[in-house]
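Top to bottom, those sequences are chains S and F.
For what it's worth, the working numbering labels the leading residue of the first sequence as 435, then goes sequentially.
For what it's worth, the working numbering labels the leading residue of the second sequence as 445, then goes sequentially.
Every residue gets a Cβ at the ideal spot worked out from N, C-alpha and C, and that includes glycine.
If you're wondering where the values come from, they're calculated on a predicted model, not measured in any experiment.
Beneath this line is the structure, given in structure tokens, with notes to follow.
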Amino acid sequence: MIAKIICYALNGLEGVPVEVETDVNKGVPSYDMVGLPDTAVKESKERVRSALKNSGLLFPMNRITINFAPADIKKEGASFDLAVAISLLKASEQLFGANVKDTVFLGELALNGDLRPIAGLLPILISAKGHGFTRFIIPAGNAQEARFLGGAEIYPAATLSEVVDHLIGTSVIEPLETAMFVPHAGTRSSADLRFVKGQPMARRALEIAVAGGHNVLMSGPPGTGKTMLARCLPTIMPDLTFEEALEITKIHSVAGVLGEEGIVTERPFRTPHHTATTVSMCGGGNKIVHPGEISLAHGGVLFLDELPEYKRSTLEALRQPLEDGKITVSRAGGTFTFPANFMLCASMNPCPCGNYGSSKRTCSCTPAEIRRYRKKISGPLLDRIDLQVEVDDIEYDDLTSDEEQESSEVVKQRVDAARAIQRNRFEGSGILTNAEMGEKEIAEYCKLTREGDEILRSAFDRMHLSARARARIVKVARTIADLDYSEEIQPKHVFEAVSYRIFEKIG
Amino acid sequence: MAYSKDERAYLWLCACTRTDYRERVALLRAAPSPAALMEGAEDFFAAAGIGREKYSGNFAAREKETDKFIAYLGEQEAFAVTLLAEDYPESLKAVSLPPLVLYGKGRRELLGERKFCIVGSRITAPWAEKLGKAVSSEISKKFAVVTGLAEGGDLAAIEGALPSGDLISVLPCGLDLCYPAAHISVKARIQRAGLLLSELPFGEAAKKYSFHARNRILAGLSEGVLVLSAAARSGALITANCALDYGRDVFAFPYNVGVASGEGCNDLIKKGAFLVTGAEDILSVYGMAASESVPVDLNDSEQRVLEILRESGEMHLAEIAKRANLLIHEASAVLSALEIKGVAVKSGGNKYSVS
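Here is the structure:
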């Protein structure tokens with residue numbers, strides 16, 4: 435008898451349906467797998483055999499052929515185990531009366547018959563639902579993640595025998611209840627702008643950056659709180675919407691870094707170390723292509739501490755994703771596009787010794803050393819960082835002062851208001867923030883007064899700005915005006931926007 | 445470029461032999477004329493106790509060598525100004541060890557103009573750079589500005605004078621090299637608009653002592669020297685001391701007490717250098733008037749912030765905002781307006797100063 439069971443393979447962030455066909459014939463006992471399974475899939479034979487035996491079921495001693503269709507895509511990993519086991523049982527007529535049609539089986543088997551969770555479950559469920567499947571049997575360990583998919587019957591099972599009992603109807607598994615998405619449902623991070631002492635300029639720059647989706651670079655002596663400021667960024671960013679959360683969860687699920695909550699409820703904050711390779715940043719891999727740090731930071735913040743310490747090639751690789759909001763990774767096995775719409779926040783010391791511009795300590799670097807250090811960040815990359823701000827040396831009095839600092843909550847309200855203005859402005863155009871504006875939108879929404887244009891012209895000449903830098907200044911000015919509830923971009927907004935480009939010296 | 449027989453002998457001696465400055469002077473003194481020295485080199489070199497290994501060939505070969513060198517200069521679009529040349533600056537002859545040959549690229553006619561030197565150390569405060577640039581630009585209307593090619597003070601002088609092209613930059617290495625290497629584009633711009641000079645032959649890299657030797661040329665070329673910035677021990681002070689030795693005027697920017705990058709300047713002023721706060725302080729010494737400065741158009745808040753800034757010269761943005769009763773980002777906008785209008789300058793670490 436032939437059994438057909440549906441399961442899913444992962445291709446980038448998309449699930450691809452795979453049919454597992456099993457034929458059990460009379461003849462010399464043998465076990466053949468065809469249809470391009472990789473080693474981990476072939477090894478499922480031993481797992482399935484033990485799991486069946488230890489669940490009190492029979493492993494048929496016949497001539498068994500298992501086919502994975504379509505045959506032309508490569509099947510990898512252990513997530514086919516459950517489908518293979520069920521198809522074997524079905525083919526050997528051990529699932530009498532069970533209806534397995536249109537049910538998707540996902541899960542890895544342990545030798546004792548337990549079901550193990552798999553990576554990338556949510557993207558598979560979302561794709562499968564799109565393909566019209568509504569019934570799923572999944573490992574109980576993935577239940578948290580699956581709860582957020584509405585409109586489907588999802589049965590979480592802890593063991594293979596539970597699945598079998600459920601299918602033949604002896605004891606039924608309760609389908610999962612769909613959970614409501616609540617932003618910040620998990621533990622809120624302990625960072626809060628309230629605890630950042632002083633640093634009025636940096637706070638303002640972060641506020642503008644978040645309000646308009648701009649990138650920001652903080653430069654300052656070591657130990658002045660650059661990292662702490664950066665960690666506050668997610669706390670002032672707008673709450674995740676369900677769609678955003680699902681998209682981020684998909685990426686995190688594929689990468690296998692999903693937390694216990696099952697869905698990402700807070701904006702990601704990724705801090706890859708400066709030894710990170712280009713592949714780990716952008717995504718890649720030998721067979722399975724994994725999303726990189728920039729995709730894991732999608733919808734959130736990518737924080738690069740000590741920017742000049744990163745490898746030049748790694749930083750340059752960020753340029754295209756910074757413009758497009760996505761990254762396309764090409765490998766021999768295929769081309770995959772991952773979303774990578776993140777906010778870049780970077781920090782650096784002003785010079786190798788860190789004391790350049792400090793009021794308390796003297797800098798011991800030669801001009802050539804400072805130049806070499808700063809040159810590690812290329813002009814094109816710097817061009818893409820709209821806000822550059824110096825972080826102050828903190829005085830001891832500042833640290834111990836009780837002066838009440840503005841909390842993240844208050845800043846977030848202003849950010850939300852500015853984002854609301856932007857949402858209205860770009861309604862229906864697919865653009866969310868000022869930073870995403872193209873030339874057309876700039877011409878339409880960022881009309882400068884004549885005075886404002888004059889300012890920009892003289893800044894342009896005196897700071898030797900590039901055309902891109904000009905566009906970016908205009909965008910920042912737009913955001914500052916939005917924070918000010920101002921319809922038009924006034925000269926003071928342009929002046930402030932210009933003041934955030936500290937690396938282009940005014941000549 | 446046509447060179448006289450004597451000049452050719454100078455070029456041969458300086459570029460084609462391996463003699464040092466002292467030996468060259470001794471040889472030139474011993475021979476009745478440079479041309480005679482070249483013709484009878486064997487005798488004169490032997491008499492001065494200089495070995496055969498320091499030069500090569502017979503007279504014909506030497507002539508050929510010299511022709512080749514002159515052709516090479518032409519290829520490099522360079523020229524040589526020997527001590528005998530008509531346009532060799534008179535003021536440089538007063539130097540104790542005047543260069544026998546100066547190699548140049550660019551506008552040779554600048555050698556004939558009045559020259560004024562502006563130097564500063566590599567680490568120069570932003571306000572001093574900015575003021576230095578303004579002074580240099582003003583001075584370049586009356587003088588050719590003489591300076592080096594380093595960062596900081598030199599670069600401020602270059603940037604001020606380069607638009608007018610009245611700029612002479614003296615290198616501590618051969619003209620085909622660039623020190624610091626990062627200023628290769630600056631060097632190219634000077635070559636196009638102004639004049640590059642060096643006493644060192646092509647291919648000779650900068651050594652520790654070349655800077656000292658170069659500084660004597662800076663001072664020697666100029667009627668006066670302005671020091672933008674100098675720590676207690678600074679190369680810029682060497683130039684100033686040379687200027688004093690040669691009887692030239694010395695000028696310096698004043699600094700706050702205790703500011704490391706200005707201790708040398710304050711010392712110079714103590715010793716009698718002219719205190720300079722603007723180009724007019726220099727021009728008045730030479731009986732010239734500075735051109736009228738155009739008053740900048742400031743609005744109320746800009747005026748108020750500028751006045752606050754003037755009280756103490758340099759101030760932190762947060763402090764300025766507090767005093768002007770503005771929000772930080774408002775103050776930051778006003779200051780960047782002042783900066784673009786050229787009356788304030790950002791001096792690092794979120795501090796601003798007047799300029």
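Cβ-Cβ separation, residue j to residue i (assumed contact under 8 angstroms), whole Å
i         : j         : result
Ile634(F) : Leu606(F) : 7 angstroms
Leu522(S) : Pro494(S) : 7 angstroms
Cys391(S) : Ala625(S) : Residue 391(S) cannot be examined here, being either before or after the span of chain S that is shown, 435 to 941.
Leu543(S) : Ala519(S) : 6 angstroms
Ser728(F) : Lys559(F) : Incorrect: roughly 18 angstroms between the Cβ atoms, too far for contact.
Thr683(F) : Leu712(F) : Actually they do not touch by this definition, with Cβ atoms about 11 angstroms apart.
Ile500(S) : Thr537(S) : With 8 angstroms as the limit, Ile500(S) and Thr537(S) do not qualify as a contact, their Cβ atoms being about 18 angstroms apart.
Ile752(F) : Ala768(F) : 6 angstroms
Gly664(F) : Ala524(F) : Contact doesn't hold; Cβ gap of about 18 angstroms is too wide.
Where the beta strand (DSSP E) containing residue i begins and where it ends
i         : result
Gln822(S) : Leu821 to Glu824
Glu453(S) : Glu448 to Asn459
Thr769(S) : Gly768 to Pro773
Thr499(S) : Arg497 to Ala503
Lys766(F) : Segment Leu761 to Ala768 is the alpha helix (DSSP H) holding Lys766(F); no beta strand (DSSP E) there.
Tyr454(F) : Counting along the chain, Tyr454(F) falls outside any beta strand (DSSP E), though it belongs to the alpha helix (DSSP H) covering Lys449 to Leu455.
Ser420(F) : Since the first residue shown for chain F is 445 and the last is 799, residue 420(F) is missing from the structure and cannot be characterised.
Lys631(S) : Where Lys631(S) is concerned, there is no enclosing beta strand (DSSP E), given that its DSSP letter is neither H nor E.
Ala788(F) : Ala788 to Lys790
Sheet register partners of residue i (DSSP bridge)
i         : result
Leu444(S) : Gly449(S)
Tyr589(S) : Ile571(S)
Gly547(F) : Per the sequence shown, residue 547(F) should be read as Tyr rather than Gly. Answer by DSSP bridge pairing, in chain order: Ala524(F) and Ser642(F).
Val469(F) : None; Val469(F) has no bridge partner.
Pro801(S) : DSSP output for Pro801(S) lists no bridge partner at all.
Gly668(F) : Asp693(F)
Ser613(F) : Thr591(F) and Leu640(F)
Cys779(S) : Val650(S) and Phe737(S)
Ile439(S) : Val454(S)
Ile923(S) : Leu882(S)
Pro471(S) : Lys509(S)
Glu758(F) : Ser797(F)
Host alpha helix (DSSP H) of residue i (start-end)
i         : result
His648(S) : Element bounds for His648(S): n/a, residue is neither H nor E.
Asp511(F) : Phe503 to Glu519
Glu774(F) : Ile772 to Ile784
Val462(S) : Counting along the chain, Val462(S) falls outside any alpha helix (DSSP H), and DSSP gives it neither H nor E.
Ile761(S) : Not the alpha helix (DSSP H): Ile761(S) falls in the beta strand (DSSP E), residues Lys760 to Arg765.
Phe601(S) : The displayed chain sequence assigns Leu, not Phe, to residue 601(S). First-last of the alpha helix (DSSP H) with Leu601(S): Leu594 to Ile602.
Arg483(S) : Ser478 to Asn488
Phe493(S) : Per DSSP, Phe493(S) belongs to no alpha helix (DSSP H) and is neither H nor E.
Arg995(S) : No statement about residue 995(S) is possible, as the shown extent of chain S runs from 435 to 941 and does not include it.
At least 3 beta-carbon pairs within less than 8 angstroms: the segment 575–585 of chain F vs the segment 538–553 of chain F: no
Inside the segment 557–589 of chain F only - alpha helix (DSSP H) runs reaching at least 4 residues: 570–583
Stretch pair the segment 770–779 of chain F + the segment 768–778 of chain S: three plus CB contacts closer than 8 angstroms: The answer is no - the segment 768–778 of chain S does not touch the segment 770–779 of chain F, with fewer than three Cβ pairs under 8 angstroms.
At least 3 beta-carbon pairs within less than 8 angstroms: the segment 804–815 of chain S vs the segment 677–687 of chain S: no
Validate contact between the segment 515–529 of chain S and the segment 590–604 of chain S using beta carbons, cut 8 angstroms, 3 pairs: yes
The segment 754–764 of chain F touching the segment 593–600 of chain F, judged by at least three CB pairs closer than 8 angstroms: no
Segments of 4+ residues assigned as alpha helix (DSSP H) that fall wholly inside the segment 615–664 of chain F: 628–637
Unbroken stretches of the alpha helix (DSSP H), 4 residues or longer, contained in the segment 658–737 of chain S: 660–665, 667–670, 676–689, 712–716 and 727–730
Beta strand (DSSP E) runs wholly inside the segment 506–582 of chain S, at least 3 long, in chain order: 537–539 and 569–573
Segment contact flag, the segment 692–702 of chain F with the segment 642–652 of chain F, C-beta cutoff 8 angstroms, min 3 pairs: no
Complete alpha helix (DSSP H) runs within the segment 698–753 of chain F (minimum length 4 residues, chain order): 707–714 and 723–729
Alpha helix (DSSP H) runs contained entirely in the segment 827–903 of chain S, provided each spans 4 or more residues: For secondary structure counted as the alpha helix (DSSP H) over 4 or more consecutive residues, the segment 827–903 of chain S holds these complete runs in sequence order: 830–834, 842–859, 873–879 and 884–897.
Any beta strand (DSSP E) of 3 or more consecutive residues that is wholly inside the segment 675–700 of chain F: You should have 693–696.
Stretch-stretch touch, CB-based, cutoff 8 angstroms, three pairs: the segment 699–708 of chain S with the segment 876–895 of chain S: With a cut-off of 8 angstroms, the segment 876–895 of chain S and the segment 699–708 of chain S do not count as touching, because too few Cβ pairs lie within range.
Touch test, the segment 921–930 of chain S against the segment 465–473 of chain F, Cβ-Cβ under 8 angstroms, three pairs minimum: no
Members of the segment 560–591 of chain F near chain B, C-beta cut-off 7 angstroms: Absence of chain B from the displayed structure is noted, the protein chains being S and F.
At least three beta-carbon pairs within less than 8 angstroms, the segment 447–456 of chain S to the segment 552–567 of chain S: yes
Cβ contact check for the segment 887–903 of chain S and the segment 844–860 of chain S: 3 or more pairs under 8 angstroms: no
Contact the segment 651–663 of chain S vs the segment 779–789 of chain S: 3+ CB pairs below 8 angstroms: yes
Stretch pair the segment 579–590 of chain F + the segment 617–632 of chain F: three plus CB contacts closer than 8 angstroms: no
Cβ pair count under 8 angstroms reaching 3, the segment 685–702 of chain S against the segment 724–732 of chain S: yes
Sequence ranges, alpha helix (DSSP H) only - wholly within the segment 469–495 of chain F, length at least 4: You should have 478–483 and 485–491.
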